[in-house]
Each structure stands twice: as C-alpha cells, then as structure tokens.
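One structure is given below, encoded as structure tokens.
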Amino acid sequence: MFLATLSSWSAVKDRLKEYYLFLLLLEVGMIGVFLSLDLVLFYVFWEIVLVPMYFLIGIWGGERKFYAAIKFFLYTLFGSVMMLIGILVLYFHYHTFDVTAMVEAGNTLPLALQGWVFFAFFLGFAIKMPLFPFHTWLPDAHVEAPTAGSVILAGVLLKMGTYGFIRFSLPLFPEASRKYVPLVVVLALVSIVYGALVSLMQKDMKKLIAYSSVSHMGFVMLGLFTFSPMAVKGAVLQMINHGISTGALFLIVGIIYERRHTRLIAEFGGLSSRMPVYAAVFLIVSMSSIGLPGLNGFIGEFMIIMGTWQVNWVWAAVAATGIVLGAGYMLWLYQRVMFGKLENQANQSLKDLTLREFATFFPLVVLVFWIGIFPKSFLNVLDKPVEKVIRIVNPEYYKDAEAALPRPAVAPAAAPTAAETTKPKAEAR
Amino acid sequence: MDTSAYLSGLKYLVPEIYLLAVAAVSMFVHLFAKKRGARRAGYVVLAGLIAGVAVLFLSPLSPGEIYSGSLSVDSFALYFKAIFLLSGILTLVLAFRFFGVEKFEAGEMYYLIPFILIGMTAAVSSIDLITAYVAFELFAIPSYVLAGIFKKEQRSAEAGIKYFFLGTLSSGVMLLGMALVFGLTGETNFAAIGKALAGPNDHIALIGMILFFVGLFFKAALAPFHMWAPDVYEGAPTPLVVFLSTAPKAAVFAMLIRLVLTVFPKFEVQWTYIFQIVALITMFWGNIAALGQTNLKRMMAYSSIAHAGYLAIGLAAWGQLAHTAVLFYLVMYLFMNAAAFGLILLVRKSAGFGEEVADLGGLARSSPLAAGCLLVVLLALTGIPPTAGFMGKYFIFAAAVEKGLYWLSAAGALNSVISLFYYFRIGRAIYMEEPRPGIRFEPSVPVLAVLVAAAAVLLVFGIFPSLLTPLAAALTLIK
Numbered sequence: 042m043f044l045a046t047l048s049s050w051s052a053v054k055d056r057l058k059e060y061y062l063f064l065l066l067l068e069v070g071m072i073g074v075f076l077s078l079d080l081v082l083f084y085v086f087w088e089i090v091l092v093p094m095y096f097l098i099g100i101w102g103g104e105r106k107f108y109a110a111i112k113f114f115l116y117t118l119f120g121s122v123m124m125l126i127g128i129l130v131l132y133f134h135y136h137t138f139d140v141t142a143m144v145e146a147g148n149t150l151p152l153a154l155q156g157w158v159f160f161a162f163f164l165g166f167a168i169k170m171p172l173f174p175f176h177t178w179l180p181d182a183h184v185e186a187p188t189a190g191s192v193i194l195a196g197v198l199l200k201m202g203t204y205g206f207i208r209f210s211l212p213l214f215p216e217a218s219r220k221y222v223p224l225v226v227v228l229a230l231v232s233i234v235y236g237a238l239v240s241l242m243q244k245d246m247k248k249l250i251a252y253s254s255v256s257h258m259g260f261v262m263l264g265l266f267t268f269s270p271m272a273v274k275g276a277v278l279q280m281i282n283h284g285i286s287t288g289a290l291f292l293i294v295g296i297i298y299e300r301r302h303t304r305l306i307a308e309f310g311g312l313s314s315r316m317p318v319y320a321a322v323f324l325i326v327s328m329s330s331i332g333l334p335g336l337n338g339f340i341g342e343f344m345i346i347m348g349t350w351q352v353n354w355v356w357a358a359v360a361a362t363g364i365v366l367g368a369g370y371m372l373w374l375y376q377r378v379m380f381g382k383l384e385n386q387a388n389q390s391l392k393d394l395t396l397r398e399f400a401t402f403f404p405l406v407v408l409v410f411w412i413g414i415f416p417k418s419f420l421n422v423l424d425k426p427v428e429k430v431i432r433i434v435n436p437e438y439y440k441d442a443e444a445a446l447p448r449p450a451v452a453p454a455a456a457p458t459a460a461e462t463t464k465p466k467a468e469a470r
Numbered sequence: 291m292d293t294s295a296y297l298s299g300l301k302y303l304v305p306e307i308y309l310l311a312v313a314a315v316s317m318f319v320h321l322f323a324k325k326r327g328a329r330r331a332g333y334v335v336l337a338g339l340i341a342g343v344a345v346l347f348l349s350p351l352s353p354g355e356i357y358s359g360s361l362s363v364d365s366f367a368l369y370f371k372a373i374f375l376l377s378g379i380l381t382l383v384l385a386f387r388f389f390g391v392e393k394f395e396a397g398e399m400y401y402l403i404p405f406i407l408i409g410m411t412a413a414v415s416s417i418d419l420i421t422a423y424v425a426f427e428l429f430a431i432p433s434y435v436l437a438g439i440f441k442k443e444q445r446s447a448e449a450g451i452k453y454f455f456l457g458t459l460s461s462g463v464m465l466l467g468m469a470l471v472f473g474l475t476g477e478t479n480f481a482a483i484g485k486a487l488a489g490p491n492d493h494i495a496l497i498g499m500i501l502f503f504v505g506l507f508f509k510a511a512l513a514p515f516h517m518w519a520p521d522v523y524e525g526a527p528t529p530l531v532v533f534l535s536t537a538p539k540a541a542v543f544a545m546l547i548r549l550v551l552t553v554f555p556k557f558e559v560q561w562t563y564i565f566q567i568v569a570l571i572t573m574f575w576g577n578i579a580a581l582g583q584t585n586l587k588r589m590m591a592y593s594s595i596a597h598a599g600y601l602a603i604g605l606a607a608w609g610q611l612a613h614t615a616v617l618f619y620l621v622m623y624l625f626m627n628a629a630a631f632g633l634i635l636l637v638r639k640s641a642g643f644g645e646e647v648a649d650l651g652g653l654a655r656s657s658p659l660a661a662g663c664l665l666v667v668l669l670a671l672t673g674i675p676p677t678a679g680f681m682g683k684y685f686i687f688a689a690a691v692e693k694g695l696y697w698l699s700a701a702g703a704l705n706s707v708i709s710l711f712y713y714f715r716i717g718r719a720i721y722m723e724e725p726r727p728g729i730r731f732e733p734s735v736p737v738l739a740v741l742v743a744a745a746a747v748l749l750v751f752g753i754f755p756s757l758l759t760p761l762a763a764a765l766t767l768i769k
C-alpha cells in the first residue's frame, strides 16, 4: 500500500486530494476485510473496497476507463450480493454472525442447503479471485487502472477472494467443499492453462501480467482445494508471492508507461542498455513470477504441485504445464522488452530508476529472496491455522498420515493435542 | 354518538385539525398579501409543517378505536404521520428554489400539500372502509392537481391528466373491491370484516381483496400498475415529485399493512403470493427500464418503482423482522429520493437544465461537497454499505431469507446489481466527465442543505441502524 503511494508520486498529477482520499478509503476496506470475524462486518468492508477502486479506475484510468470501472463494479457486486444472501442463510441457521462460533457449533447445515450457500460464497470469492470463467473483468480493470490501482488490485484485492475461501468456505462448508472438489479443481486448472496461453499472445504488457494473474490465482485455488496441508500452505504462500511479484511487475510496467506513455511490447526492445538497474529488477521479479528456485515463486508453486501430486498426479501434471507456459510468456516478454537492438528512437533517452523508484522496489526484492531462501519463517506461522482448516474439511488426511509411517517431512510434525485444536485460529495474514 | 363523545374524540384529531388550519392560513396569505403572495403562502406552510412535527408528538394517542370504530390513532399511524410531515418539509425547501428559477409560482401548490397531508394522516389511522376510502381520495385528488400545476409546460399538463384518469379509474376499481367485501360481510370496520370473513373460504372475498389491492398498488406504483409513474414524474414539477414519490407510497404501504393484518388475515397464503409476484415484477421492470434512461427524472421514476418492489418483498415476507425492515426502509427511502431529485434542482439554472444525466458532468470539481453527499446517496440507493440504503435492503432480504424465500431475496440482490449500473451512470457523470461547455455550477444553498442532511442521515443510520430499528420494531400494535 505504502509502495503504491510512492509509485503514484509523479504518475498522478491532477485531483490529488481525491486520489489520496480514495486510496485511504481503500486501505480502510482492505484492513477491515482481513480483520473481520463477523460476517456482516466482513461484508460491509468487502463492499467498501469496491467504491474507491471504482473511482480510482474511473477517474485516473486509461482510455476505456468507464467501461472497465463499471464492469469491475458490476461483476464484483454481483458476486458479493449473492454472498450476502448466503450470509443471511447462515445467520438464520446458526443465529450468529460470528465465524468462529459457527465453526465451533460444528457443521450442522444440511447438505443440500450447504451446497447452495457454498455456491453463493463461491460466486463472491471466485469472481474476486478471479477464477475462470469469471475472470473477464480483471484484464480490463488492470489495463485501465492507474499503476497504484493495479498494484493494489493484484496485491491485495485478488487475495480477498482466496482468503475468503480458506477463511470461510472451507471451514463453514466442509462437506459441500469436498463434494464440489472436481468442479473447482477443473476450473482452477482451466484458469492456470488458459491464463498462461492468453498471456502468451498479449501485445500489451499490462494485459499480459493481468492474465498471468489469472493463471497464478488458479494455482492458489488448486492448492486450496486439494485439502493437503502442504498444498494449502503452498497456496497461502503463493498468495503472498503473487502479491509481491505481480505487484512489482505492475510497478515496472507503470514506470515505463510513465516515461513513454505506451505499454505495447512492440514499442520497446533493447532497454537493458539504457536502464541497467531497471533491467536487473525486472529480471529478479520476472524470475520470481516464473518460479525460479531460490526465489519466492518457486516455493509456493513447488509446494502446491507436491501437495497436489499426493492427491492426484493428473492435476499436478496439468498444473506443471502452467509453470512451463509461465516461463514461456515471462521470458519472452523480458526478451522482447530488454534485449535486442535499441531501435525505437523514442527509447534512446529513457532514464534509469530514480532513487524513489528504487526505494519502491527494494523491499519487494528483499522479500523475494527472503521467501525464496528461507521460507520457514513464513511457513511456521502457517502450520497451525492450516492444520486446523484441514482437520475440519478433510479429517481423513490426518488419519491416513498418522497411520502411514514415515510421515512426509514437511507435513505438520506432531499430532496436536486436543487443547491446541480448539485454540482460536491465528491470523494467517 | 352523542355530542360529548364527539367532542372528546376531537383531541385525537389535533394533527389533522392543525394541518387544516395551516392550509387555511396559507390560503388567506396567498389571497391577501400585497406582493409575492404565493411565496409567502409557501413560507407559512413550511413553518407550519415544522411546528407540526411538535404538534404531532404532543397530540395524544387514542386508547383504541374512536368514532364508532372508524379511526385508530396509534403509534403505528404516528410513525407514518411523521414520515409525511418530513416529506412535506423536504419538498417545500426544494420547491422555493425550483419556482424561483422557473419564474412561476402558484400559491395552490403550497397549500395543497397540507391538504394532502390531512388525507394521508387520516388514511393511516383509518380502520374503516368508508373512512379509508374518503381519506384515500382526499390525498389522491389534490395530487392530480399538483402533478398538473405547472400550466405553462405541456408535459406537466399531460402528467396531470394522465394521473387523474388512471387514478380515478383505479380508485373506482378499489371501490368495487370494497363493495364486494362490504356486501359479503355487512360490516365496514376492518376488524369486524376480518371476523366475518373468518368463515369458510369465499372466492368473492378474495376477488374483493384483489380489487382493493389494485387501487393501492396503483398509488404505490407497483407493477403492473406503475405505467403512469415515469410520465407523471417526468412532467410534474421536480420538488413535487419528491413528495408524490415518497409520501403516498408510505401511506399506501401503511394501509396495506393494516388491511392484510386486520381485514384479510384469512387470505395470508394468497396475499403472500400476490406480494411475491408483484415484488418480483416490480423490481425487474423498474430496474431494467431505468437502464436505458438518459433523463434523470425518468430514471429516478423507474428507480422509485424498483424501490417499491423491494418494499413489497417486505410485505411478502411479513413478520416482526419485515415490519421493522419496511418501516426503516420507508424513512431512508424518503431521504434518498429527496436527495436524488434535489440533485436535479441543485444545478438548475434555466428551465429544463439539469434533467439530463450529461448535464451533471464535472460537478465534483466545482462542488466537492455536493458531489460527496450525492455519492453517499447513490450508494444508499444502490444498497452499498455503510449507508442506510444497505441496512434497509439488508433487513428486507433478511426477512425474506427468514421466511425461506431464498429466491426472492436473491432476485432482490440481483436487482441491486442491475441498479448499480444506472445509478453509477450518474456517479460517473459527476466524478469522471467534463462539464458541458459554458456551464459553471453554483449549487443553491437550501438544496445543498437538503443534500447534506440526507447524506448525514443515510450515513448515521447506515452505521447505527439501531437508532431507529427498536422504535420501528416496537410499533407492532396491529399483528
């Protein structure tokens, strides 16, 4: 968020007061969403996020900003009102809006109703993520949004969807979640491959990154719905990773857009000779997005695929093609923009990163290496909460794991005591 | 009834008598003032209505039925009377600006408002067929005049005639329904009819109920009896539309609530179905028709039809929660609508300007305060938190879910999404578009005051709905 503000320092020139007002409102909504344990409060903050984002896209966006802004608003509002009905159904069943109380009350919703409520929430979260086939708002919104808007959109807003799944859908509707695994996994796999394929043929850098988001979020979704602890942890980590790498990629595009006012890949080429520092940062970030070992993307994707493999190797195989394609489009993008001869005269005078811009990237790059080299500091935090979710949604897993020896090393080591499982879930994010 | 009972009953009619006095004084001011008689008449009415709020709360509640079971001045009626007065006050504040710009002012339009208010206050208290019909006509007929009062404009005349013909037709249908019910039972008191109808099932009574509803649905602009609304709202003077689109609607809903609970409890299954269907058609029709409008007044007309549809969900899912929801929503709807039509007046400089959405382009630059308030109002109309519009819809959908009407609440939610599109067509004009060439906005102060008040109310009750809901919930004198 702070980085987004830095990035708009010189990009946004008119109507400054309103711009920062909307950014702050957005921040209110986002913090609220991740802190709420009360479903109505969650819903309220969830909606509050939409309004400033609508205006950020609509006022400071690109040429088709009206279209993109209203499309974003309509899509996500549709998803969220369906979720509201779901919330109300839950309330009249449990007579509370408190999620922890609902989970503790045990899953007493009849399966047929649970399916409907699951789908109501599913619509809300899947549109936000966005999961294929609800993804069409994303490229438009990303392309038209100002850089800060894209960064927040990719870094935080999309995570609201996946966060919702792990926080609400899985613990509240375990049976329905299990029942609809095939459907969700197929959608996730389609997202992965389709997102990657569409990215390959984009001419606009921002659109390319937007579709790569669809692909990456497909990974997260796949990881969540395998119900194996390793994949779920991978998925959560991947959420963070995606926020870092895609956020950084949007910043990178934003910087070049600010200088040249175009995002068409064909306009560039050979930039590395003019902007060496920029090129280095771009390289690190795109490698992280591809999932090069040693950087953060690798850990997340590897854990997801490992976890998935334990459940179903076909899913893992399809997901792996997504990684290959991902390497394809990112490297190709890098090659087209950075290498080759500097042919376009307009690019001759491009300046390298300023100190402020570098300061924007610095923490992101540090995180990229930190998660990549020493993920344990993040994974440790995730162990307990993930285990708790899995115990609710997939109790079979621990029975099997406890029976089978030796246990996989990465899975949570000791079987927790009863006291530990009843502890309130720690904040994962 | 002897004279002393008659006289002692009068003290329960203080608000009505007071309003009559206000109307009379204002009429005389109009006639005898040396200059600007119409405007002064307007000030008299405004002052009278503001003082009327105090009169309303000081006047006693009747212990039960008074005047041989024709009126019941209970707190439920009082709540609605307060809504009517508020609606009248907001209308008058907006009206001064409008008629100032239009250079046309008729004293009638000011003093007809208290007459209509008398009709409505009597209508919500009436528990007798005859009283209900007389009160209904008392607020219906002056409103036809109000719609057509803007004589120099053809649209207004058209609106008046259209409203009059369709209105009298529907009143006639309603009267037929009343006649059927009376003929079957021989009673005019609501509760007595309810008792008499409790016998074996009777189709004639059912037909009577449906015909009765037709008249009321017409007045509330519920589909399929809403056709008059866009034309009338477009043609009638804008501030009067604030009045016509809120107060009669509240009156009709109050009458409907009384009717279904006291006269037709026996047909609960049937009227529940009727309200479900009506709600569904009304919401979709209103919202989908509004999508294509570029004229603000027509757009808001369809929007108000859609809101009547949301309210009808509340009737379909009648219960304690729905009761609270409908009463809460009606108040909030009043503020939303007053602000939405105030928006048109805000930028008005010459006749007709400000009625197209595109006229509002760039308002946020010259008047950020007005734009911010309007944003709150638009969010409330769409039903997005943290506004009272959201809380109102939330209660209504919750009532529907409680009764197991999942599909109806889902349809209502879907309609919120549809409505977002056209409401934010306005938002887009205000915030994102350039002003029309040569336009400088100079928002008028009284209109701006209404907007700020509306936005403040919508925000406060959106965040603390419990300021009003216990009151609304406690008013279930009639079950």
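First to last, the protein sequences are chains A and B.
Quick note: the first sequence, position 384, residue 425 per my numbering, numbers continuous.
Quick note: the second sequence, position 72, residue 362 per my numbering, numbers continuous.
We put the beta carbon where it would ideally sit given N, CA and C, even for glycine.
I'd like to know if residue i contacts chain B, where contact means its C-beta is closer than 8 Å to some C-beta of that chain.
{"i": "residue 233 of chain A", "result": "no"}
{"i": "residue 523 of chain A", "result": "No answer is possible for residue 523 of chain A: the residues shown for chain A start at 42 and end at 470."}
{"i": "residue 92 of chain A", "result": "yes"}
{"i": "residue 448 of chain A", "result": "Here residue 448 of chain A scores only 43 on pLDDT, less than 50, and its place in the model is too uncertain to base an answer on."}
{"i": "residue 48 of chain A", "result": "With a pLDDT of 46 at residue 48 of chain A, under the threshold of 50, the modelled position of this residue cannot be trusted; read the value that follows with caution. For residue 48 of chain A, the answer is no, since every Cβ of chain B falls outside 8 Å of its Cβ."}
{"i": "residue 123 of chain A", "result": "yes"}
{"i": "residue 96 of chain A", "result": "yes"}
{"i": "residue 192 of chain A", "result": "no"}
For the candidate residues the options, whose alpha-carbon lies nearest to that of residue i?
{"i": "residue 141 of chain A", "options": "A:122, A:78, A:121 and A:412", "result": "A:78"}
{"i": "residue 719 of chain B", "options": "B:326, B:648, B:439 and B:605", "result": "B:648"}
{"i": "residue 330 of chain A", "options": "A:254, A:230, A:416 and A:75", "result": "A:254"}
{"i": "residue 738 of chain B", "options": "B:678, B:525 and B:658", "result": "B:658"}
{"i": "residue 656 of chain B", "options": "B:725, B:369 and B:320", "result": "B:725"}
{"i": "residue 352 of chain A", "options": "A:201, A:263, A:116 and A:119", "result": "A:263"}
Where residue i and residue j are concerned, what is the direct C-alpha to C-alpha distance, given to the nearest angstrom?
{"i": "residue 533 of chain B", "j": "residue 377 of chain B", "result": "6 Å"}
{"i": "residue 396 of chain B", "j": "residue 520 of chain B", "result": "24 Å"}
{"i": "residue 419 of chain B", "j": "residue 462 of chain B", "result": "14 Å"}
{"i": "residue 423 of chain B", "j": "residue 465 of chain B", "result": "8 Å"}
{"i": "residue 284 of chain A", "j": "residue 66 of chain A", "result": "20 Å"}
{"i": "residue 97 of chain A", "j": "residue 585 of chain B", "result": "27 Å"}
{"i": "residue 684 of chain B", "j": "residue 693 of chain B", "result": "14 Å"}
{"i": "residue 591 of chain B", "j": "residue 538 of chain B", "result": "14 Å"}
{"i": "residue 358 of chain A", "j": "residue 219 of chain A", "result": "21 Å"}
{"i": "residue 699 of chain B", "j": "residue 478 of chain B", "result": "36 Å"}
{"i": "residue 175 of chain A", "j": "residue 431 of chain A", "result": "27 Å"}
{"i": "residue 600 of chain B", "j": "residue 580 of chain B", "result": "15 Å"}
{"i": "residue 407 of chain A", "j": "residue 187 of chain A", "result": "25 Å"}
{"i": "residue 225 of chain A", "j": "residue 154 of chain A", "result": "18 Å"}
{"i": "residue 321 of chain A", "j": "residue 288 of chain A", "result": "16 Å"}
Please classify residue i as buried or exposed, where buried requires at least 16 neighbouring CB atoms within 10 angstroms.
{"i": "residue 247 of chain A", "result": "buried"}
{"i": "residue 344 of chain A", "result": "buried"}
{"i": "residue 408 of chain B", "result": "buried"}
{"i": "residue 418 of chain A", "result": "exposed"}
{"i": "residue 76 of chain A", "result": "exposed"}
{"i": "residue 104 of chain A", "result": "exposed"}
{"i": "residue 789 of chain B", "result": "Past the edges of chain B, shown from 291 to 769, lies residue 789 of chain B, and the structure says nothing about it."}
{"i": "residue 637 of chain B", "result": "buried"}
Would you say residue i lies against chain A (beta-carbon separation less than 8 Å)?
{"i": "residue 569 of chain B", "result": "no"}
{"i": "residue 392 of chain B", "result": "no"}
{"i": "residue 711 of chain B", "result": "yes"}
Just to confirm, does residue i get its C-beta within under 7 Å of one of the non-hydrogen atoms of the ligand NAD?
{"i": "residue 345 of chain B", "result": "With respect to the ligand NAD, the structure offers nothing, as it holds no ligand at all."}
Next item on the list: Let me know the alpha helix (DSSP H) ranges lying completely inside the segment 367-436 of chain B, each 4 residues or longer, listed in chain order.
Entry: Fully enclosed alpha helix (DSSP H) runs of 4 or longer: 397-415.
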